[in-house]
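Q:
2 protein chains.
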Amino acid sequence: MRLGLDIGGTKIDAVALDDDSAVLARVRVATGFGPDAVLRNAQSAALQAAEAAGGSASSLGSVGIGIPGVVDAEAGVVRHAVNLGLEELALGGILAERLGAPVRVENDVNAASLGAYHLLGLAGSMAYLNLGTGVAAGFVNDGAVWRGARGTAGEIGHIPIDPAGIRCACGQVGCLETVAGGGWVAHKWGGDAPLPVLEVFDRADAGDERAVALRAELIGGAAAGVRILILTGDVETVVIGGGISNLGDRLAEPVRASLDELARGSQFLGSLELSSRVRLVPAGEPVAAVGAALSGPRQNTKEPSWRS
Amino acid sequence: MRLGLDIGGTKIDAVALDDDSAVLARVRVATGFGPDAVLRNAQSAALQAAEAAGGSASSLGSVGIGIPGVVDAEAGVVRHAVNLGLEELALGGILAERLGAPVRVENDVNAASLGAYHLLGLAGSMAYLNLGTGVAAGFVNDGAVWRGARGTAGEIGHIPIDPAGIRCACGQVGCLETVAGGGWVAHKWGGDAPLPVLEVFDRADAGDERAVALRAELIGGAAAGVRILILTGDVETVVIGGGISNLGDRLAEPVRASLDELARGSQFLGSLELSSRVRLVPAGEPVAAVGAALSGPRQNTKEPSWRS
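Just so you know, the protein sequences line up as chains A and B, in that order.
Residues 1 to 308 in the UniProt record's numbering are what the first sequence spells out, letter by letter.
Residues 1 to 308 in the UniProt record's numbering are what the second sequence spells out, letter by letter.
Structure (structure tokens):
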């Protein structure tokens, strides 16, 4: 059995997959804060997922982990996962020892990319456009994640698209993230709604002008992200995921319409058929946890069933 | 022996490579205009290169061709090569019959990418930033060209970077090409110098304010191209090529300085060490022709020597 853990800012989403990569069980536990809590809860989530799938601690095949921050996949080390209180943690090595199973650590966006690719049954090339607090992308080609030469592929949120834009937290001006990142939308909108982007969309539907403008900016930014990904990598499919993608077709339809509008102004863009290449991540599925499981150490081999 | 032909707007650059991919001979002939002329001159260039290398028409191993326009590499067909007077031409099939050797047709930027990768002795991942009349990029990873899902990877010249910019020929506004493309620089500069970008650099050195501004815009655009390529694909190396790269360090040094300036304003960008990843294409080398030869049908096999 392969376990996958998606360690997020508030919860750990854990799944157990069978030999055919179908989800046998899914559990969620609170993440906690700081290295001790994260390690303890990750271990607990893994064991609970194994147990829920009918397995035991002694029958774990492999464990894959998706986690935010800068991940050194080779060393199993995560750094600068600020929201989790982790400055530097040898997550892979420590959990492997505690669980008695091989553990692979992957950047959360890369894990989600692989999960989306699998759950959508895609082939060929795909980019995963993660619209969450920030904006980043992951790439999968023929089932393999492209991490880049130094593990930083897909940082498209920090490509500047407007010299007259606002200053990004990264120090540059007019980054894509400043128009398409949920953190910036929330900051511009103000208030303390638990789901500020949802509130912006709801208020825009109700005719609030400021909300309409913010929504249009977000939609335009998402379309710009799709355009960057296809003009650069010519991926066959761009899958929109991340927290904002929970808006579903309320997000995807206007993004496609925005791309169609761009195509009407440019025969060249039109020839690329951008809008028809946009997909939404499947709603409610544990995309990142499944991807983490698939990126685990035994990704390409059939394990013996733990039910022996 | 492997032959490589780089079919450009004015000349065909042809090389013959030995089994170790070293250049045995190089010849150049005028391209001509329209399908009949291009086919006749390509055939002639191939035979002259073979002869100059000591071979004969009956001993050609493989022929690779780099050509501008929209290339269907599978079918060997080139479309919309406007500067060559080619609307649609089954270049690969026709030349294969005339030469009695397998022929592979490749987009010129992809061919140059592969040639630069080989001539610079690179490993891992590379993007080739072609600064010519237009702006486009090619990708090579572990020696293989990434063409994209539909053969259009690397069209970064048409990523808009300034909503207040000028309208590009593609119909969009503020495309990277409108600041970093030689065609646009020439258009803005005016006059009829044979090498307008060189004239702009010379006049900028002499203190002409308009030239200084145009040069700064071009340098900034080239730096933006490097940033897009690394933020998206995290390639280890970006090689600057194309006609404008003939300026050598007069181009590369200020591009690196521009990237260093950006890094001083952004710790995040600084961590990516952009400027140290920029290389220039080797001066005077037949980069595209060599790459075309390497992309020929027998790219991965040692051919028997034609000297038998």
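Ideal Cβ placement from N, Cα and C applies to all residues, glycine included.
Just so we're clear, the structure is a prediction, and the values are computed from it rather than from any experiment.
Rounded C-beta distance between A/Ser-295 and A/Gly-64? I'm assuming under 8 Å.
A: About 5 Å separates the two Cβ atoms, so the contact holds.
Q: Could you confirm whether any beta carbon from chain A is found closer than 8 Å to the beta carbon of B/Val-235?
A: Cβ-Cβ to chain A under 8 Å: yes for B/Val-235.
Q: Using only the alpha-carbon positions, how far apart do A/Arg-26 and B/Gly-61 sit?
A: Answer to the nearest angstrom: the Cα atoms are 58 Å apart.
Q: Would you list, in sequence order, the uninterrupted alpha helix (DSSP H) runs of no fewer than 4 residues that lie entirely inside the region 173-225 of chain A?
A: Complete alpha helix (DSSP H) runs here, min 4: 177-180, 182-189, 196-205.
Q: Unbroken beta strand (DSSP E) runs of length 3 or more, entirely within the region 60-93 of chain B: which are they?
A: For the region 60-93 of chain B, whole beta strand (DSSP E) runs of length 3 or above, ordered along the chain, are 62-67, 70-72, 77-81, 86-89.
Q: Within the 8 Å Cβ cut-off, does A/Lys-302 reach chain B?
A: The predicted position of A/Lys-302 is uncertain, since its pLDDT is 40 and thus under 50; no value can be drawn from it.
Q: Counting pairs of Cβ atoms below 8 Å between the region 118-137 of chain A and the region 152-159 of chain A, do you hit three or more?
A: Because the criterion of three Cβ pairs below 8 Å is met, the region 118-137 of chain A and the region 152-159 of chain A touch.
Q: Name the residues in the region 183-216 of chain B whose C-beta lies less than 7 Å from a C-beta of chain A; which are they?
A: Within the region 183-216 of chain B, no residue qualifies.
Q: Residue 378 of chain B touches chain A at which residues, Cβ-Cβ below 9 Å?
A: In the structure displayed, chain B extends from 1 to 308; residue 378 of chain B sits before or after that span and is not available.
Q: Please decide whether A/Glu-155 counts as near chain B, where near means a Cβ-Cβ distance under 8 Å.
A: Taking Cβ atoms only, chain B reaches closer than 8 Å to A/Glu-155, which makes this a yes.
Q: Should B/Asp-162 be flagged as near chain A, meaning a C-beta pair shorter than 8 Å?
A: Interface residue, yes.
Q: How about A/Arg-250: is its C-beta nearer than 8 Å to some C-beta of chain B?
A: No, its Cβ sits nowhere closer than 8 Å to a Cβ of chain B.
Q: Any C-beta of chain B sitting closer than 8 Å to the C-beta of A/Arg-79?
A: Not closer than 8 Å to any Cβ of chain B, the Cβ of A/Arg-79 fails to qualify, so no.
Q: Would you mind stating whether A/Val-15 and A/Pro-286 have Cβ atoms separated by less than 8 Å?
A: Yes; because the gap between Cβ atoms is below 8 Å, this pair is in contact.
Q: Of all the CB atoms in chain D, is at least one closer than 8 Å to the CB of A/Ser-113?
A: Reference to chain D is not applicable here, since the protein chains of this structure are A and B.
Q: Tell me, which residues are paired with A/Thr-237 by DSSP?
A: The partner list for A/Thr-237 (beta bridge, DSSP) reads A/Met-126.
Q: For the region 122-147 of chain A, which residues have a CB atom closer than 7 Å to at least one CB atom of chain B, in sequence order?
A: Result list: Gly-124, Ser-125.
Q: Would you verify that the beta carbon of B/Thr-178 is, or is not, closer than 8 Å to some beta carbon of chain A?
A: False, the Cβ-Cβ gap to chain A never drops below 8 Å.
Q: Which of the three DSSP states, helix, strand or coil, is assigned to A/Leu-274?
A: Coil at A/Leu-274, not helix or strand.
Q: So that I know if they touch, is there some Cβ in chain B lying closer than 8 Å to that of A/Leu-120?
A: Output row for A/Leu-120: interface = no.
Q: Kindly confirm or deny that the region 218-231 of chain A and the region 251-258 of chain A touch, where touching means at least three C-beta pairs closer than 8 Å.
A: At 8 Å Cβ cutoff, the stretches touch.
Q: Drop a sphere of 10 angstroms on the beta-carbon of B/Ile-166, count the other beta-carbons inside from all chains shown, and report buried for 16 or more, exposed for fewer.
A: Label assigned to B/Ile-166: exposed.
Q: Take every Cβ of the region 90-107 of chain B, pair it with every Cβ of the region 224-242 of chain B, and state whether three or more of those distances are shorter than 8 Å.
A: The region 90-107 of chain B, when compared against the region 224-242 of chain B, does not touch it at the 8 Å Cβ threshold.
Q: For chain B, is any of its Cβ atoms less than 8 Å away from the one on A/Ile-228?
A: With 8 Å as the cut-off, A/Ile-228 counts as an interface residue toward chain B.
Q: Under a CB-based cut-off of 8 Å, is B/Ala-75 close to chain A?
A: It does not; no Cβ of chain A falls within 8 Å.
Q: Does the count of Cβ pairs from the region 67-74 of chain B and the region 105-113 of chain B closer than 8 Å reach three?
A: Result yes; three or more Cβ-Cβ pairs closer than 8 Å.
Q: Which first and last residues belong to the alpha helix (DSSP H) in which B/Asp-260 is found?
A: Element bounds for B/Asp-260: 249-264.
Q: Cβ closer than 8 Å: which chain B residues qualify as neighbours of A/Arg-150?
A: Asp-234, Glu-236, Leu-272, listed in chain order.
Q: Counting only beta-carbon separations shorter than 8 Å, does A/Ala-288 have a partner in chain B?
A: So, not an interface residue.
Q: First and last residue of the alpha helix (DSSP H) that includes B/Glu-51?
A: Where B/Glu-51 is concerned, the enclosing alpha helix (DSSP H) stretches over 35-52.
Q: Which first and last residues belong to the beta strand (DSSP E) in which A/Asn-110 is found?
A: Element bounds for A/Asn-110: not the beta strand (DSSP E) but the alpha helix (DSSP H), 108-119.
Q: Going by the CB atoms, is the gap between A/Ile-12 and A/Ala-42 shorter than 8 Å?
A: Yes, these two residues count as a Cβ contact at 8 Å.
Q: For B/Asp-208 and B/Phe-201, I'd like the C-alpha separation in whole angstroms.
A: Their backbone Cα atoms lie some 10 Å apart in a straight line.
Q: Could you work out which residues of chain A lie near B/Leu-259, taking near to mean beta carbons separated by less than 7 Å?
A: By Cβ distance, chain A contributes nothing, its closest Cβ being about 12 Å from B/Leu-259, past 7 Å.
Q: Between B/Leu-84 and chain A, is the shortest Cβ-Cβ distance under 8 Å, so that the two count as touching?
A: No, because no Cβ of chain A sits closer than 8 Å to the Cβ of B/Leu-84.
Q: So, is A/Pro-194 buried or exposed, given that buried needs 16 or more other C-beta atoms within 10 angstroms?
A: Classification for A/Pro-194: exposed.
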